[in-house]
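See below for the structure under consideration.
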Amino acid sequence: MSQENTLTSPTQQKSVAELKQIAAQVRRDIVRMVHAVNSGHPGGSLGCADLLVALYFRIMKHDPSFSMKGEGEDLFFLSNGHISPVFYSVLARSGYFPVSELATFRKLNSRLQGHPATHEHLPGIRIASGSLGQGLSVAIGAAQAKKLNGDNRLVYVLMGDGELEEGQVWEAAMYAPHHKVDNLIAIVDRNGQQIDGSTEEIMDLGNLRAKFEAFGWRVLETDGNDLEKLIPTLEEAGKLSGQGQPSIILMDTQMGFGVDYMMGTHKWHGTAPNDEQLEKALQQLLVEEAGDY
Amino acid sequence: MKDFPYTESKDTRSGFGVGLHELGKSNPNVVALTADLTGSLKMDAFKKDFPERFFQVGIAEANMMGIAAGLTIGGKIPFTGTFANFSTGRVYDQIRQSIAYSDKNVKICASHAGVTLGEDGATHQILEDLGMMKMLPHMTVINPCDFNQTKAATIAIAEHEGPVYLRFGRPVVPNFTPADQKFEIGKAVLLNEGADVSIFATGHLVWKAILAGHILAEKGIDAEIINIHTIKPLDAQAILESVRKTRCAVSAEEHQMNGGLGDSIAQLLSREEPLPLEMVAVNDSFGESGTPDQLMEKYGLMENDIVAAVERVLARKAK
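As you go down the protein sequences, you meet chains A and B in turn.
Oh and the first sequence: position 138 is 138 in full-length UniProt numbering, straight run, nothing missing.
Oh and the second sequence: position 71 is 71 in full-length UniProt numbering, straight run, nothing missing.
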């Protein structure tokens, strides 16, 4: 049931065309998962589908047989845990667990909790997240452990832009350059939306490039919904590692990307589509051969 | 009543510092973090001899807890060191999500707990930490009584897989636990056998319980004294065995009555063996500035308070 729908192919590098197909399949998974339980966060999940697909199918060295320690592997942490649908879909499609298990999302006795958790031992998850602002600190710790272990692979962490309003993020932002955590690549999902409205309106984030540069980070910017731009940026960030500074990618995305009626609004942050809306979404998320779970 | 000879008095936090340094030598996976309190936590020796395994986080406790959780992913055993207040209440959600719920092998080591922190006052004198920590699933909660026991506990928790809260303090107290006594998590230590009343004490109140035991002996009361160094998991067997013999109990701790050791014992007794219990603890109040001794007296945490509690519980005990 799972193997034929698993899209990973560790020996071959995926082309952008192939990655787009995988991202479309992941987006189909996302809308179907949240529709099935009438809950969850489709907007940010759709917006970050390209990033997670690029990381897990192209950029990161990782092993779906999964060990917590991930020795010799690149690690990814999701700090904005509410976009769990995209994380679960990408993990399943990479072979961490059966794709059919996506059908259990947010249901009783599932390993796919509303927000990611290690408690149920879902392969691919290394920390619980959902209460915001904690992932950057955790990623720093994991990166420093890699240094102590002589492991030169990288640690990636994704945060939401609204999440940057949490104070702990700035504690961590101060720490990483001071301690030269240069095997760390943070990514901000700059979709400009949060629950109560736009970030500009709720809490203006101001000039994030200037803020992070002032804290001592290397700052890169990219379009998170254009793989042709996103992949070179991720590769560039990788090349900047080991030079004494952490890197952060300010990644512009559109919440709801791929489903027209979910784009350009914060309305779909935490709302599931109804039957009709699901159908409309799936018509827009075409893959050559739908491998829906 | 047994005598508990001791040759010196020391602070429990120094027991932590010595234990941590020994771990540095014996276990290469042990790492230590502090939030700008290296000296207060007695972590200087570890820092000096193992600088690559020591992380100065600055005054940023939330970040420290997250980093500690992340370090465990690479197989490290992080010991975080700051005051008990900043180790718990300030970072409760970080501990809850990134450590306890994520089942991370972090050792949260907390000094200056309780009113014996003294003159700094109530902002720093946390009396709710045991309660907060014992409520968290997966969390082990330990409150040793003296230098030797704190040192032994520090070494023991490195061998235990899972999150631990280790609470100790600032004042100098008699160091009477034998230096070679092995620390067993969750195993109460019977200090004095007695027939009339069971006194269950933790932390700094263990020595007060011993002093109370001598006063009670002079009054012809034969107290059983048990050191409950592990609040969670509670040694239910030792507690029940003792009260089934003595038929009444007193708990003693430098903590709020709500959520502390007495509260755990009350739950156990009400389920298994409903017998009278009196609690020596802070009764729904913040602390204040003063010397440790003045505060222990004002907040009812002295040997005389334990004696009075014993007399109350004996009056309630079925004849």
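Every residue gets a Cβ at the ideal spot worked out from N, C-alpha and C, and that includes glycine.
- About 6 angstroms separates the CB atoms of residue 155 of chain A and residue 183 of chain A; that is less than 8 angstroms, so the two are in contact.
- Between residue 93 of chain B and chain A, the shortest Cβ-Cβ separation is below 8 angstroms.
- For residue 264 of chain B, the three-state secondary structure derived from DSSP is helix.
- Look at residue 68 of chain A: its C-beta is under 8 angstroms from a C-beta on chain B.
- The region 45 to 52 of chain A and the region 97 to 108 of chain A do not touch, with fewer than 3 CB-CB distances between them shorter than 8 angstroms.
- Taking a Cβ-Cβ cut-off of 7 angstroms, the neighbours of residue 146 of chain A in chain B comprise 74, given in sequence order.
- By the rule that beta-carbons nearer than 8 angstroms mark a contact, residue 188 of chain A does not touch chain B.
- For the pair residue 91 of chain B and residue 163 of chain B, the CB atoms are not nearer than the 8 angstroms cut-off.
- The residue from B:116, B:78, B:138 with its alpha-carbon nearest to that of residue 102 of chain B is B:138.
- Of B:241, B:304, B:35, the smallest CA-CA separation from residue 219 of chain B is found for B:304.
- Excluding its 5 nearest sequence neighbours in each direction, residue 128 of chain A has C-beta neighbours in its own chain below 8 angstroms: 81, 115, 116, 117, 118, 119, listed in chain order.
- Not flagged as an interface residue toward chain A: residue 85 of chain B, since no C-beta distance is shorter than 8 angstroms.
- With a threshold of 8 angstroms between beta carbons, residue 26 of chain B makes no contact with chain A.
- Straight-line spacing of the CA atoms in residue 145 of chain B and residue 187 of chain B works out to 14 angstroms.
- Proximity to residue 262 of chain A across A:148, A:282, A:245 peaks at A:282, based on C-alpha coordinates.
- Taking 8 angstroms as the CB threshold, residue 105 of chain B stays off the interface with chain A.
- When Cβ-Cβ separations below 8 angstroms define contact, residue 166 of chain B makes no contact with chain A.
- In the three-state reduction of the DSSP assignment, residue 202 of chain A falls in the helix class, which pools H, G and I.
- The alpha-carbon of residue 97 of chain B is positioned some 15 angstroms away from that of residue 165 of chain B.
- Annotation: the continuous alpha helix (DSSP H) that includes residue 178 of chain A extends over 167 to 178.
- For residue 68 of chain B, the neighbours in chain A by C-beta distance under 7 angstroms run, in chain order, 141.
- Membership of residue 74 of chain A in any beta strand (DSSP E) is not indicated, and neither H nor E is assigned to it by DSSP.
- Residue contact with chain B for residue 73 of chain A: absent (no Cβ-Cβ distance below 8 angstroms to any residue of chain B).
- For residue 10 of chain B, the three-state secondary structure derived from DSSP is strand.
- In the three-state reduction of the DSSP assignment, residue 227 of chain B falls in the strand class.
- Contacts with chain A (Cβ-Cβ distance below 8 angstroms) from the region 34 to 60 of chain B involve 52, 53, 55, 57, 58, 60, listed in chain order.
- Taking all protein chains in view, the Cβ of residue 196 of chain A is surrounded by fewer than 16 other Cβ atoms within 10 Å, so the residue is classified as exposed.
- A residue is called buried when at least 16 other Cβ atoms come within 10 angstroms of its Cβ; residue 235 of chain B meets this threshold and is buried.
- Residue 157 of chain B places its beta carbon 8 angstroms or farther from that of residue 189 of chain B.
- Interface residue (Cβ-Cβ distance to chain B less than 8 angstroms): residue 175 of chain A is classified as such.
- Taking 8 angstroms as the cut-off between beta carbons, the residues of the region 157 to 172 of chain A near chain B are 167, 168, 171, 172, in sequence order.
- Leaving aside the five residues that flank residue 63 of chain B on each side, the residues in its chain whose CB is nearer than 7 angstroms to its CB run, in chain order, 57.
- Any Cβ of chain A closer than 8 angstroms to the Cβ of residue 62 of chain B would place that residue at the interface, and such an atom is present.
- Residue-level contact by beta carbon fails for residue 65 of chain A and chain B, as no gap is shorter than 8 angstroms.
- Proximity of residue 269 of chain B to chain A, defined by a Cβ-Cβ separation below 8 angstroms, is not satisfied.
- The CB of residue 152 of chain A never comes closer than 7 angstroms to any CB in chain B; the least such distance is about 13 angstroms.
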